[in-house]
Each structure stands twice: as structure tokens, then as C-alpha cells.
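Remarks on the structure that follows.
Residue numbers (UniProt numbering): 1 to 396.
As C-alpha cells, then:
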């Protein structure tokens, strides 16, 4: 089977979307029935693809999409040029790694889209006005047009029912993100100036749903109350975003410039160093589609404090310190962090349901069903054309 993964996006550094696409490629290359795998990235993502740790495999080809950084350019490429590329490469299936405009009529093969979340509906201020309206339109158009929707969690699949027609959500299946233990770790601390100080870790983009300001206020409270060591630090790892200005202003107003580190562009090995050495991982998100840091933290043996939301429960139930942040969020989060720090660090938790071999099998099952269905549809169309042609010949 020949498969094309469309992964071109705006991101210039590694994020959840890029990791999903690269991990999807890694999963599929485990399957012998994949004869060719084409991965399409943006021009500014070439380095990401090269450093993603993809296996050296003659079946893998990386293509560069002819797009600029503007949203319009990306949208037009997905809608107009992606179908042409798929036909030129003669692939059997196209998998969009996230929702983008999809011209179903232009594709000669089935299409799948990965659905990570419903943020345009659940937390529209992640994008601001009026951008969230456009995001809703694109999301719905893509979901209607795709032949199948691969939701990265059961929580996302359930929420899809709230915002989509039955004809759409009935096309959805649940296939987790791939998250596996990292065997090679960085031997060098990636945190500037850190010696032996304990630190809390948060892995999150600077977006509204990540609830980073609440964590900063909580950290400030813990320092002033003496419930954590006075030299403790808060390390936030993630791409800058719409909330970056607000986050930096809050850090400055609280006088936390020497205690809060805002980092991005960490390598996978450096991020794993942070997981292994942090006093606790804190994930205070208001909503999530999957909860990747929680999964990675469990695999690394972290103490984990996380908001009590469905995506976190689905991955970490029984292994994390859950806290409701609906009321008195700072006080509740502070108490949960203190409770977690009193407990000894645990052992890494196995998550076999997130392994590449398991997910590769699930993806191939979905792909085979779609390709077979398309083949039957083509046979039916051919039979119909033959019947019409025979009838016309008789009438003549």
C-alpha cells in the first residue's frame, strides 16, 4: 500500500502536531504491507523532519510543499495541490495529520484526517476573534469531506458528537497518539543556570487552554508560603503563542524572572532530561484532546499533578494526582502539588496501548477497510457504466 501523510503546517519548531505526523510515519514503517510512504512538510520544517528520529528506510520519501507562511497559501495548497500530488505519486490513501481544507471530489483515493481536539468550539479564544470562526468553518468542511476521522483519544471522539452531525461523527474511530519510552537521554542539563535546584515542569504551548497563568500564580503562592524550597524553579517548555505576552507580564509583575524559565526548541532528548529530573510535572489544562505530557511523564516515572479533565483521566487514571480547577483554582492546585511532592517518585508506567506496534495495526486496519470500500465503489461505478453503455447500444 502506498500512503501519503500531509504534515505541512505553520510550526517552525516541534509541537504536538509535528510529533503526531512523525510518529505516524514511524508506526506505518513497521508494517510490511506499506510499500511506499510519502511525508509532506513545509519548507521551514525540513530540519524538523531530519531531526525527528525517523528510521532510515528506502520506502520513506520526504516532500516539500510549495507554500509560504501565510494561512491562505497553506489552505490553497491543501485544497488544490495536495490532490494533484497524491495522483502524481499514485498513492492508495492520503492521511492529513490535522484538519485542513479538503477537496474530496479531487482525490482519486480515500482520505483520512487526524482529529486532535475541538478547540475552535471548546475554547475559541485560543485563536482569537474572528480567527476562531474561520477555524470552525475549515474544521467542519474537512470533517465532512474526509472518508474517515482518526480521533487521538476517546475524549475527543465523544466531544465530536457534540459539535458534528451524525453523518460526520459516525466516520470517526479512536486511535491514540503514539508515545513510547525514550531510551537515549541527554547527559547535559538544558536549563540555563540550573544546579541542584528542584523544579516543577510544565510542557505546554502558550495558549489559553493550557492555563499557564494559573500555574504561575500557584507557584508564586507556594514560594511565599514556604511550602516549597525557596530556590525552586518553574520550567515551562513550549512554543510561544497568543498567551506569551500575558505570561511574560505576569512573571514580571510577580517578580519571578529569576525563578520561571520559558523554554522552547528543546530536543527530544533534552525534554526527556526534564521529565526525568523534575520534582513534579504539572498539567493544569482547561481542556485537552489527548494529554501528551501526561503520557510522557508516566513513561518517565514523574510525579504528576494534572487537572481533572477527561483526556487526562483517560491516560493517567490511577497514576496521577488529579485536581479540579473549577473553583479556587490556585489554592486547589497548590494543595495538590504539595501533596504530590510529599510522595516518593514512582516507577515508569507502561502504556502498551500507545505503542507503535499496536497503533500501526489499528491504522492499517482502518486503511485496508477504506481502500477496499473504494475498490468496491469503483467496481460498482464501472458496472453501472457498462450497463448504461449496453442499453444505449441496444437502443441504437
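Note that beta-carbon positions come from the ideal geometry of N, C-alpha and C, so glycine has one too.
Under 8 Å between C-beta atoms of residue i and residue j
i	j	result
residue 20	residue 40	no
residue 174	residue 151	yes
residue 164	residue 191	no
residue 397	residue 263	Nothing in the structure corresponds to residue 397, since the chain is present only between 1 and 396.
residue 179	residue 370	no
residue 280	residue 337	yes
residue 314	residue 182	no
residue 59	residue 94	no
residue 101	residue 162	no
residue 282	residue 200	yes
residue 312	residue 288	yes
residue 340	residue 303	yes
residue 222	residue 160	no
residue 29	residue 55	yes
residue 73	residue 290	no
residue 234	residue 216	yes
residue 298	residue 318	no
residue 167	residue 111	no
residue 123	residue 286	yes
residue 250	residue 293	no
residue 57	residue 1	no
residue 354	residue 98	no
residue 31	residue 360	yes
residue 106	residue 83	yes
residue 334	residue 325	no
residue 79	residue 103	yes
residue 197	residue 253	no
Bridge partners - residue i, DSSP secondary structure assignment
i	result
residue 174	151
residue 131	Beta-bridge pairing links residue 131 to no other residue.
residue 200	234 and 280
residue 93	3
Alpha helix (DSSP H) segment containing residue i, residue limits
i	result
residue 225	212-225
residue 146	It is not in any alpha helix (DSSP H) - residue 146 carries neither H nor E in the DSSP assignment.
residue 169	166-169
residue 246	244-253
residue 76	71-76
residue 101	Run containing residue 101: none; DSSP gives neither H nor E here.
residue 295	292-300
residue 119	119-122
Bounding residues of the beta strand (DSSP E) (the contiguous stretch that carries residue i)
i	result
residue 31	Where residue 31 is concerned, there is no enclosing beta strand (DSSP E), given that its DSSP letter is neither H nor E.
residue 112	111-115
residue 304	304-307
residue 260	260-263
Burial state of residue i, where buried means 16 or more other Cβ atoms lie within 10 Å
i	result
residue 16	buried
residue 117	buried
residue 206	buried
residue 108	exposed
residue 47	exposed
residue 7	buried
residue 284	buried
residue 243	buried
residue 43	exposed
residue 363	buried
residue 357	exposed
residue 139	buried
residue 4	buried
residue 210	buried
residue 14	buried
residue 275	buried
residue 9	buried
residue 481	Any property of residue 481 remains undetermined from this structure, which presents the chain solely from 1 to 396.
residue 130	exposed
residue 52	buried
residue 400	Outside the shown range of the chain (1 to 396) lies residue 400, about which nothing can therefore be said.
residue 344	exposed
residue 395	Per-residue confidence for residue 395 stands at a pLDDT of 49, beneath the threshold of 50, marking its modelled position as unreliable; the derived number appears in the next sentence. Exposed, since its Cβ has fewer than 16 Cβ neighbours within 10 Å.
residue 135	buried
residue 296	buried
residue 49	buried
residue 133	exposed
residue 220	buried
Ignoring anything shorter than 4 residues, give me the alpha helix (DSSP H) runs that lie fully in the segment 315-355, in order along the chain. 329-342
What residue ranges within the segment 4-65 form continuous alpha helix (DSSP H) runs of no fewer than 4 residues, ordered along the chain? Counting whole runs of 4 or more residues, the segment 4-65 contains the alpha helix (DSSP H) stretches 16-28 and 46-51.
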